[in-house]
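S.K.:
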Amino acid sequence: PSPTPTETPSPTPTETPSPTPTETPSPTPTETPSPTPTETPEPSNNPPEAEDDNLTTNQNEPLTFTTQELLENDSDPDGDSLSISAIGTPRNGSLVQENSTTYIYTPNTGFLGQDSFSYSISDGDGGSDTAQVNIKVNDSPQLVNNQAIIAERGGPRQTIFNTNLLVTDPDNTAEEITYNIIRAPIQGNLTLVDDSINDDDTFSQADINNNLILYTPGNTAGRFPFTFSVSDGDNGTIPTTSFSIIVVDNVFERGDGDNTINGTPASDYILGNAGEDTIIGRAGNDVLDGGADEDSILGEAGNDSLFGAEQADTLFGGVGNDTLDGGADSDSLLGEDGSDLLLGAEQQDTLRGGQGNDTLDGGTGNDSLSGEDDNDSLFGNTGNDTLGGNSGNDTLDGGADDDLLLGQTGSDRLFGGLGNDSAVGGVGDDSLSGGAGVDTLDGNEGNDFISGDEGNDSINGNIGDDSLNGGFGADRLTGNEGDDAFFFEVPNEGVDVITDFNGSNADVFLFRSNNFGNLTNPPGTATEFSSVIVSLDNLGSQGQDISGEELIIFENRFENVQQVNSILNNQNGSGTSPAFFIYVNNSLNSKVILGYDPNLGDDGNPAFDLAVLNNIPLVPDAISTVIDSSDFKFI
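Whatever position you read off the sequence shown (first residue = 1), add 49 for our numbering.
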């Protein structure tokens with residue numbers, strides 16, 4: 050047998066080991082540097098630009114302006130907000146900052162011309178600039194002539210000359226003086242040569258000077274004024290006034306000599322010229338002019354205008370609302386029936402209003418004015434005048450110089466004006482004001498209000514419940530009969546003498562509250578005002594407590610008000626509140642004094658003596674029996 054073949058075994062393959070991979074380290078990334086930013090340069094600040102300003106005011110008139118007005122024409126290239134950082138000083142006036150945005154420039158008294166000051170502006174970022182404020186101090190225009198023209202009904206046109214209408218202005222030309230027509234005449238035709246002048250039109254003083262302003266009357270008689278205002282182009286003005294145009298039915302003119310001229314029932318213009326004339330207007334609204342010499346002029350019926358012109362004339366208005374002008378010399382004017390205007394003009398005139406609500410003006414000279422019946426207004430003007438209201442509720446104004454004012458019956462208002470005046474209210478509730486000067490004022494009968502104003506005045510309330518205010522100066526006040534109030538406007542008016550204060554008879558001290566520390570009368574309280582009595586043995590910081598007290602009555606003598614001020618500063622309970630005080634002043638002949646301290650705790654600020662109380666007895670504990678907290682009232 051064949052041998053069984055032996056199987057050759059297949060070799061077991063040797064496993065080839067896989068190589069262990071070597072880890073390749075990741076490379077560390079290199080940081081890419083950020084580029085350094087280039088700084089954007091800050092834009093440079095552009096300075097502001099200040100422009101000069103031009104302002105105008107009138108002589109002796111303050112001018113108010115604001116920061117906004119000055120900055121209005123200033124600018125900043127960057128649009129920055131501007132403010133005023135500094136302001137200069139004018140040479141010919143004063144400049145006061147009233148508040149954060151308002152200034153007041155006041156020219157020196159009498160100064161005319163150009164003034165200026167500088168100011169600086171800031172943009173808040175370091176930029177600044179300077180400009181100048183130029184101020185023209187202007188001489189205001191003055192109305193010198195305003196004399197009516199008279200035209201005949203349906204007659205030829207009349208020229209308005211500068212003898213009729215004239216405004217002058219030293220620092221402006223006639224061409225710059227402009228009349229602004231507010232209301233043209235309602236009859237006739239006012240023209241600039243041949244061009245009609247209507248409401249809101251203008252013409253100049255040069256036009257008047259060149260005889261270019263004309264008036265053509267219509268066919269109706271009457272008074273046809275035009276109203277106007279005047280400007281000089283430099284802030285100077287004349288307020289609204291009127292120019293009279295009188296159109297009459299008839300014109301009569303007599304030559305020289307002593308003429309008697311009678312008017313007609315229509316409206317007449319009668320001119321007497323030289324000579325002692327008698328002119329009678331009769332009926333109608335007449336214009337009667339005596340001309341030279343001593344004339345007698347009677348308006349009779351109608352609303353007449355009477356002119357005495359030269360020398361001593363006698364004028365009677367008659368029935369109607371008349372105007373009487375005495376002109377030169379010493380004239381006698383009687384308005385008679387109607388509401389009349391009487392003008393004494395020059396020298397010593399006698400004016401009587403008659404019946405109606407009349408206005409009397411004495412003009413220059415020592416005049417005598419009597420309103421007579423009804424409610425009249427009397428103005429003495431310059432000179433030593435005598436004014437009597439007579440019956441009715443009258444207004445009397447003495448004007449300049451030393452005048453005598455008599456209200457007589459009715460509730461009258463009397464104003465002394467400049468000078469040393471005497472005024473008596475008469476029967477009725479009157480108001481008397483002395484004005485500047487040493488005045489003597491007497492309320493007479495009625496509940497009167499009397500104010501001395503400036504100067505050392507003597508005031509007597511007389512019969513009735515009166516209010517007496519001395520004003521500035523050392524005044525003498527006597528309430529006399531009735532329940533009177535002695536009124537104090539401010540603490541520094543001066544030291545008055547009150548001769549007859551009677552607390553038990555309901556006399557009171559009356560004060561303007563906001564000028565006296567806003568002290569007042571609390572409503573609904575029994576005493577209305579708190580007080581305390583301080584005697585010699587309880588003075589000082591350990592003495593009587595005065596905290597919260599509004600009236601401190603010292604039963605002590607001190608040398609003067611400043612010693613009282615010091616005592617109050619050191620008194621127990623002293624604080625910053627105001628208070629009134631009563632004390633005896635050794636340096637004023639041991640008189641009882643009413644005083645006021647605006648701050649009890651500060652003797653660096655002055656206290657004030659208000660009044661010497663002449664009738665308070667100087668005996669121990671007497672002051673507090675006459676004066677107490679109920680005697681103090683406030684408005």
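Don't be surprised by glycine CBs; every beta carbon is placed ideally from N, CA and C. Just so it is clear, the structure is predicted and the values come from calculations on it, not from any experiment.
Could you tell me the boundaries of the alpha helix (DSSP H) in which D256 lies?
M.R.: Where D256 is concerned, the enclosing alpha helix (DSSP H) stretches over Q254 to N258.
S.K.: CB-CB under 6 Å to P111, same chain, minus the five flanking residues each way: which ones, in chain order?
M.R.: Excluding sequence neighbours, P111 sits near I153 and T155.
S.K.: Based on the DSSP secondary-structure assignment, which residues constitute the bridge partners of P540?
M.R.: Paired residues: none, contrary to the question.
S.K.: If you measure between the beta carbons of G204 and P274, is that distance less than 7 Å?
M.R.: Contact: no.
S.K.: Could you tell me which residues DSSP puts in a beta bridge with V242?
M.R.: V242 pairs with nothing; no bridge assigned.
S.K.: Buried or exposed for E224, going by 16 or more other Cβ atoms inside 10 Å?
M.R.: Answer is exposed; the Cβ neighbour count stays below 16.
S.K.: Taking the alpha carbon of N211 as the reference point, which residue from D416, F292, E147 and S134 has its own alpha carbon closest?
M.R.: When each option's Cα is compared against that of N211, the closest is F292.
S.K.: Taking V539 and N564 to be in contact with their CB atoms under 8 Å, please state how far apart those CB atoms are, rounded to whole angstroms.
M.R.: Yes, they are in contact, since the Cβ atoms of V539 and N564 sit about 5 Å apart, within 8 Å.
S.K.: Return the first residue and the last residue of the beta strand (DSSP E) that Q117 is part of.
M.R.: Segment T116 to L120 is the alpha helix (DSSP H) holding Q117; no beta strand (DSSP E) there.
S.K.: On a CA-only basis, which of V583, V242, N442 and G285 is nearest T105? Give me that one, please.
M.R.: Among V583, V242, N442 and G285, the Cα nearest to that of T105 belongs to G285.
S.K.: Label T576 either buried or exposed according to how many other C-beta atoms from any shown protein chain fall within 10 Å of its C-beta, with 16 as the threshold for buried.
M.R.: Its pLDDT being 49, under 50, T576 is placed unreliably by the model, and the measurement read from it follows with that caveat. So T576 counts as exposed.
S.K.: Do the CB positions of G510 and G484 come within less than 7 Å of each other?
M.R.: Not in contact: G510 and G484 (Cβ atoms no closer than 7 Å).
S.K.: Could you give the first and the last residue of the continuous alpha helix (DSSP H) run that contains N618?
M.R.: Its alpha helix (DSSP H) spans residues V610 to N619.
S.K.: The beta strand (DSSP E) spanning I310 covers which residue range?
M.R.: That run of the beta strand (DSSP E) goes T309 to N311.
S.K.: For L455, collect the residues of the same chain with a Cβ closer than 6 Å to its Cβ; drop the 5 residues on either side in sequence, then sort them by chain order.
M.R.: Around L455: G437 and V473.
S.K.: For N406, which residues in the same chain have their Cβ closer than 6 Å to its Cβ, ignoring the five residues on either side in sequence?
M.R.: Counting only Cβ-Cβ distances below 6 Å, and skipping sequence neighbours, we find S388, D423 and N424.
S.K.: Would you mind giving the Cβ-Cβ distance between G429 and G448, rounded to the nearest angstrom? I have them listed as a contact below 8 Å.
M.R.: Between G448 and G429 the Cβ distance is about 5 Å, and since that is below 8 Å, they are a contact.
S.K.: Does the structure place the segment 196–203 close enough to the segment 122–142 that three or more beta carbon pairs sit under 8 Å?
M.R.: No, they do not touch.
S.K.: Taking all protein chains shown into account, decide if T57 is buried (16 or more other Cβ within 10 angstroms of its Cβ) or exposed.
M.R.: Summary for T57: the model assigns pLDDT 49, below 50, so the residue's position carries little reliability, and this model does not support an answer.
S.K.: So P96 packs on G173, CB below 8 Å; how close in whole Å?
M.R.: No, P96 and G173 are not in contact; Cβ-Cβ is about 12 Å, not under 8 Å.
S.K.: For D506, which of G495, S278, G366 and N518 has the nearest alpha-carbon?
M.R.: The option with the nearest alpha carbon to D506 is N518.
S.K.: Could you give the DSSP three-state label for G437: helix, strand or coil?
M.R.: Reduced to three states, the DSSP call for G437 is strand.
S.K.: In whole angstroms, what is the alpha-carbon distance linking D680 and F498?
M.R.: The alpha-carbon atoms of D680 and F498 are separated by roughly 19 Å.
S.K.: Suppose you measure from the CA of A361 to the CA of T413; what does that come to, to the nearest Å?
M.R.: C-alpha separation (whole angstroms): 15 Å.
S.K.: Could you tell me which uninterrupted beta strand (DSSP E) segments, each at least 3 residues in length, are contained entirely in the segment 174–259, listed from first to last along the chain?
M.R.: Runs of the beta strand (DSSP E) inside the segment 174–259: 177–187, 191–195, 198–201, 214–217, 227–232, 238–241 and 251–253.
S.K.: What distance in whole Å lies between the Cβ atoms of I246 and P190, which are believed to be in contact at a cut-off of 8 Å?
M.R.: Contact flag wrong, Cβ pair sits at about 19 Å.
S.K.: Who are S500's beta bridge partners in DSSP?
M.R.: S482 and N518.
S.K.: Work out the CA separation of V300 and P314 for me, nearest whole Å.
M.R.: Distance between the alpha carbons of P314 and V300: 13 Å.
S.K.: Candidates L383, D378, Q196 and A135: which alpha carbon is nearest G348's?
M.R.: Comparing Cα-Cα distances from G348 to each of L383, D378, Q196 and A135, the minimum goes to L383.
S.K.: Taking buried to mean at least 16 other C-beta atoms within 10 Å of its own C-beta, is V193 buried or exposed?
M.R.: By the 10 Å Cβ count, V193 comes out exposed.
S.K.: Within a Cβ cutoff of 8 Å, which residues of the same chain sit near T251, ignoring the five residues on either side of it in sequence?
M.R.: Around T251: T227, Y228, N229 and I230.
S.K.: I think S639 touches L667, with their Cβ atoms under 8 Å apart; what is that distance to the nearest whole Å?
M.R.: Contact flag correct, Cβ pair sits at about 6 Å.
S.K.: Looking at the secondary structure, which residues open and close the beta strand (DSSP E) in which V43 lies?
M.R.: In the structure as shown, the chain starts at 50 and stops at 684, and residue 43 therefore has no counterpart that could be examined.
S.K.: Can you tell me the Cα-Cα spacing of K682 and P627, whole angstroms?
M.R.: Those two C-alpha atoms are separated by around 15 Å.
S.K.: On the DSSP letters alone, give me the boundaries of the alpha helix (DSSP H) that S345 sits inside.
M.R.: Element bounds for S345: not the alpha helix (DSSP H) but the beta strand (DSSP E), S345 to L347.
S.K.: Taking the CB atoms as reference points, tell me whether D545 and L568 lie closer together than 7 Å.
M.R.: No. Outside cutoff.
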